[in-house]
Every structure is written in C-alpha cells, then in structure tokens.
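Here this note's numbering is used: the first residue of the sequence shown is 4, the next is one more, and so on. We put the beta carbon where it would ideally sit given N, CA and C, even for glycine. No experiment lies behind these values; they were computed from the predicted model shown. Below is one structure; the comments refer to it alone.
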Amino acid sequence: MKKLILVITLAAFILINIFSLTTYAFANEKASFSVIYNDLEIPFKIFSVFVLPKEKIKISIAKQDQNSNYRIKLGSKIYQSSTSFSWRAQAESGHYQVRLNKKNNYSKKDEILINVFVLTPYTKKEGEYFKNFRIGNYPQIPAAKKDSYSNPKGFLKIEKSMLDLNLTPHFKLRQFVTNQSQSFPQFIIIKEKLLLKLEYLLEEVNRAGYQADTFGIVSAYRSPYFNKKIGNKTALSRHIYGDAADIYIDNQVNSLMDDLNHDGQSDLKDAKILYNLALAFDQKEKFKALQGGLSCYAANGVRGPFIHIDTRGFHVSW
C-alpha cells in the first residue's frame, strides 16, 4: 500500500511539473509595430524616455512599419502620420504619458505607451545635493574616454507614489530605486539603452529555458557619492552614468539568485549560467548597439550572486 501511495505521489509530482513547464509562456509584450527614438528601435508596448525641459522629442515609425497610418495624442490634440511625430517636452520636470497607435485599429498590440520623464537639470544641483539627496561630484573624464562617457544633463526625480509605474513591460520604477536612502524624493539616472537591454536579455533568458518574469536588481544607478561610500574604487563606474545594472533571476521572489542548475544551492554556478547567456547576447549582431561590460560576482554576507551588465557601446568582461 505504501509503495502504491509513493508511486501515485511521484506520478502526480511529475505531471504537475510537466504541466507547469508546458503551460508557462513568456509574454514579450511587443507591439505590432516599432518606433525609433535616438536611433534605438523600440518594439515594446510600454517604454520610457528621459528628456530635459522643453527638449525636442522625435518619435519615428520604423521603416518596415510605415505602410500604416498612426496617431498620437499630445495634450488635447491628435496628430496623424505614417512616418514620425515631434514635439517639445513640458517646461517643468515631471512625468506624463503619450499613446501612439495605428489609426482605426483598437487591438492592444497596435499601441505603444511612452512614458516621458522630464528631468531635473544637472544645473539645479546645489553643491553636492538635490534637495536632501546627495549626488556628490562627477569625475573629470579623460580625453581618451570622452566617446564612451559623458556627464549627466539631468536626473529623474522619483517620488514614492511613482514606484509601481512600468518603465517597460517587465520592469517597474521601484526596481531602480537606489540603496543610498530609504527616503524620497530620490534623484537617479536611467538610460534608454539599459531598459532595452534588460527587456531583450530577459526574452533571451526565457528562450533558453530559464523562466523569469523580470530580473532582480541589486543595484542600478549609484551616485558618485554613494559609489565611493560603498568602497567602489572605479571612479568611472557605469553605475554613476545610469546604464549599468547588477541583476539576477529571482522567480522565487526571495531576493536570491534562483537555483538554475538544480543542485540545491544558490551560488556562483547559477550566476555563471546567467553570465553565459548575457555573453551570448553581447555576441549577437542584432544586439551590437547594446553591448557593454559583463562580470559575475559571488554571494557575500549582504546579498546573493549576480552579474553586472551595462551598455557602454562595446563588449568587455572582467
């Protein structure tokens, strides 16, 4: 009788696992068309751009999708075009949304929602601070590195009420909050290229058979002040420029890297799996514009293992 119960239990366990494997399907949340912003092709239903007050914004329809008419609502007016739209950002720092969709189509796949974040200009920094949030000072950039580095023009002001806002389909603003402070507002930098890389890499990870609805993010933006405070001796860390993230797969939602190799542990071996997927990503021609730094880190007493990615424009690993 005990053997029969054991067999039935094992069979049920196998069926449950087979069912979960066959029913899970990653939703890449892409629209039926793509747009171009600052030479980046964006196919996702939700995306975010970061601009200065009164900066000109131009959103073009990708060439392969210019066989349809599109419309965008700006303020109280609706504009139509098959090629591009342009307008000026609001004069005050803040956040607003615009929706771009195919004319006469009402499917959710026929619309892209664009979050427009109007930044607080760098020139409004008082000494080392924005209000009570300490930024510190940005380092001088050597002439030889000015093609890959540029000091920020503005900062995204995060209020606590904004945390559940989706920047892209699979990443919320709360994932980019700094470890520097528990209070708000915070002032950070997020680059559009980083958001694209996170979405595309997440898709590649799922395609490789590793279930992930998003990535856990150990750290994204770090101010020069905080970067130095935690002992990072890299003066030109990509984290201070807003195009780097330290990430891990955390479908268990326990703030640790998942056991990807199924050996019963969360350790560097699991991070290596994610590292190799990110390495393969950087080596693909179609993702060349999103290439960047890559490294793998073991757990310590504060957090679990993770990998570093960024979008500096060329691949380098350490």
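What's the call for residue i, buried or exposed, on a 16-neighbour Cβ count within 10 Å?
i	result
Lys128	buried
Ala223	buried
Ala147	exposed
Gln185	exposed
His242	buried
Arg225	buried
Leu24	Residue placement at Leu24 is poorly supported in this model, since its pLDDT is 46, which falls under 50; the coordinates are not used for a value here.
Tyr251	buried
What did DSSP end up calling residue i once you bin it into helix, strand or coil?
i	result
Tyr278	helix
Lys272	helix
Leu293	helix
Phe29	coil
Leu24	Because the pLDDT of Leu24 is 46, which lies under 50, any placement of that residue in the model is unreliable, and the question is left without a value.
Glu162	coil
Leu122	coil
Glu58	coil
Asp68	helix
Glu131	coil
Lys287	coil
Lys149	coil
Arg137	strand
Leu263	coil
Could you check where the beta strand (DSSP E) with residue i kicks off and where it finishes?
i	result
Ala34	Lys33 to Tyr40
Tyr99	Gly97 to Lys105
Tyr82	Lys80 to Ser84
Tyr73	Tyr73 to Leu77
Pro46	Leu43 to Phe47
Thr321	For clarity, residue 321 is Trp in the given sequence; the question names Thr instead. It is not in any beta strand (DSSP E) - Trp321 carries neither H nor E in the DSSP assignment.
Leu170	Asn169 to Thr171
Ile312	Phe309 to Asp313
Does the Cβ-Cβ distance between residue i and residue j come in under 8 Å?
i	j	result
Ile220	Phe53	no
Ala247	Leu201	no
Ile39	Leu103	no
Asp285	Leu277	no
Ala94	Lys57	yes
Inside the segment 187-248 only - alpha helix (DSSP H) runs reaching at least 4 residues: 195-210 and 227-232
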